[in-house]
Amino acid sequence: MKQFLISAMVFLSTSLALASETITVGVKGMVCAFCAQGIEKKFMAQPEVAKIEVSLANKFVKINFKDGKRLSNDKISEILKDAGYESKFE
Amino acid sequence: MKFWVFVFLLVSSVGQAHPVSYKDAVSLVSYNTSEMNEILLTYSFTSNLAVAGTYLRDTTSEFYIPRLNWLVKRWNNEDSQGNIYFSAGSGIEKFEMKNYAADLFEFSADWESRKYYIDFDHLYISRSHNKNILIPDQHYNFTKVRAGLAPFLADYSDLNVWLILQAEKYSYKSNIEMTQFLRFYIKNTLWEIGARFDGGGAFNYMIHF
Chain A
1 MKQFLISAMV FLSTSLALAS ETITVGVKGM VCAFCAQGIE KKFMAQPEVA
51 KIEVSLANKF VKINFKDGKR LSNDKISEIL KDAGYESKFE
Chain B
1 MKFWVFVFLL VSSVGQAHPV SYKDAVSLVS YNTSEMNEIL LTYSFTSNLA
51 VAGTYLRDTT SEFYIPRLNW LVKRWNNEDS QGNIYFSAGS GIEKFEMKNY
101 AADLFEFSAD WESRKYYIDF DHLYISRSHN KNILIPDQHY NFTKVRAGLA
151 PFLADYSDLN VWLILQAEKY SYKSNIEMTQ FLRFYIKNTL WEIGARFDGG
201 GAFNYMIHF
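As they're listed, the protein sequences go chains A and B. If you use the working numbering, the first sequence corresponds to residues 1 to 90, in order. If you use the working numbering, the second sequence corresponds to residues 1 to 209, in order.
Pasting the structure below:
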């Protein structure tokens with residue numbers, strides 16, 4: 001029984017770790033649709049990214065990663081820099 | 001007069017269509033009036049440096065001018081963005097089956113928020129000949145100021161609408177020419193319809209790939 005519980009906990013924790021993750025990042029200087037389009041395109045070119053939501057009104061990008069995948073904050077900052085903007089993490 | 005239309009087209013940058021875009025971006029811009037057509041193709045190989053090629057045709061000349069666009073400084077603020085650009089290019093003017101050199105240098109600065117927009121441009125062009133009687137000046141300066149207002153705030157996927165007023169000053173003229181534009185854009189496509197206060201119209205578009 002004890003072994004079953006431990007196995008179940010390991011399975012659940014692994015499943016949670018591999019589940020898709022979403023992160024919201026603030027973007028400084030993103031004021032127009034062309035800005036947003038560039039940011040969307042740069043992120044969608046990343047194999048780890050499943051979906052991007054850009055909000056000019058709220059000045060953020062919401063990055064939805066593929067299952068078990070993730071980009072580091074440094075990488076996200078680098079992508080935004082390539083797009084010409086600055087990241088702002090909460 | 002034709003040459004000044006050419007200058008107008010060469011520097012009438014579509015608002016918020018920056019000379020340098022995101023890394024690996026390709027932009028196609030076209031400026032059109034009843035007398036002229038221009039196609040400008042730009043590739044940004046970093047987020048602050050781009051190479052561009054201009055082709056322009058009017059009733060007397062054709063211009064082929066490759067150029068480099070440099071984002072000198074960008075301010076990414078919470079609710080706005082400011083930029084300073086410098087461009088330089090050297091190409092040819094094809095006139096009566098002969099080629100002549102044409103060089104350009106341009107400085108521009110802009111500031112924009114989601115509601116307001118202002119742009120300043122100064123252009124210097126040097127041409128190697130004055131054989132075209134319609135465009136006799138070889139060296140000149142041109143200054144342009146644009147101000148825009150968005151009557152409502154639209155988000156990324158919505159249709160954005162802007163009202164733009166443009167003032168132009170040529171070094172050889174004492175008056176300032178004014179043009180009003182109505183601009184629309186959605187996602188990666190932008191188009192403008194313009195009317196000069198002294199008559200004439202314009203249609204511009206831009207696509208980011």
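Ideal Cβ positions, reconstructed from N, Cα and C, are used throughout, including at glycine.
Contacts around residue i, its chain only, beta-carbon distance under 6 Å, and the 5 residues preceding and following it disregarded
i	result
B/L9	For B/L9, the pLDDT reaches just 47, beneath the cut-off of 50, and the residue's location in the model is therefore unreliable, leaving the point undetermined.
B/Q138	R127 and N130
A/K28	E86 and K88
B/R74	N83
B/E168	K144 and E177
B/F105	A88 and Y124
Of the residues the options, the one placed nearest residue i, counting alpha carbons only
i	options	result
A/K88	B/D79, B/A88 and B/I84	B/D79
B/G148	B/E96, B/D119 and B/I125	B/D119
A/L56	B/R146, B/I186 and B/D121	B/I186
A/K66	A/K81, A/D82, A/L80 and A/F43	A/F43
B/W191	B/D158, B/V29 and B/K144	B/V29
A/A36	A/E53, A/K69 and A/N64	A/E53
B/F197	B/L165, B/Y170 and B/F209	B/L165
A/C32	B/S34, B/K115, B/L182 and B/S61	B/K115
B/S171	B/M206, B/A195, B/I207 and B/Y140	B/Y140
B/E96	B/G199, B/D58 and B/A88	B/D58
B/G89	B/K173, B/F63 and B/N77	B/F63
Buried versus exposed call for residue i [16 or more other C-beta atoms within 10 Å across all chains shown]
i	result
B/N204	buried
B/K144	buried
A/I79	buried
B/S34	exposed
B/T211	Since the displayed chain B opens at 1 and closes at 209, residue 211 of chain B lies outside it and no answer follows.
B/D121	buried
B/I176	exposed
B/N76	buried
Per DSSP, the bridge partner or partners of residue i
i	result
B/Q166	B/R146 and B/T179
B/N160	B/Y185
A/P47	Partner(s): none; A/P47 has no beta bridge.
B/N76	B/Q81
A/T24	A/K62
B/A217	Residue 217 of chain B falls outside the range modelled here, since chain B spans only 1 to 209, and no answer is possible.
B/F107	B/F86 and B/H122
A/S77	Partner(s): none; A/S77 has no beta bridge.
B/M206	B/V29 and B/L190
B/E38	B/Y31 and B/L56
Chain-order list of residues whose beta-carbon lies under 7 Å from that of residue i (same chain, five-residue window excluded)
i	result
B/T46	K23
B/A25	S44 and H208
A/R70	E21 and E48
A/K59	G26, V27 and M30
Close Cβ partners of residue i (< 8 Å) along its chain, the five nearest in sequence each way excluded
i	result
B/N99	I92 and E93
B/L182	V161, W162, L163, I164, E192, I193 and G194
A/G84	G29, C35 and G38
B/V51	T42, Y43, F45, P66, R67, L68 and N69
B/S157	I186 and K187
Cutoff 9 Å: residue i Cβ touching any chain D Cβ
i	result
A/E40	Among the protein chains in the structure shown, which are A and B, there is no chain D.
Determine, using beta-carbon pairs with one atom in the segment 67-76 of chain B and one in the segment 18-28 of chain B, whether at least three such pairs fall under 8 Å. yes
Is the segment 81-88 of chain B close to the segment 104-111 of chain B, with three or more CB pairs under 8 Å? yes
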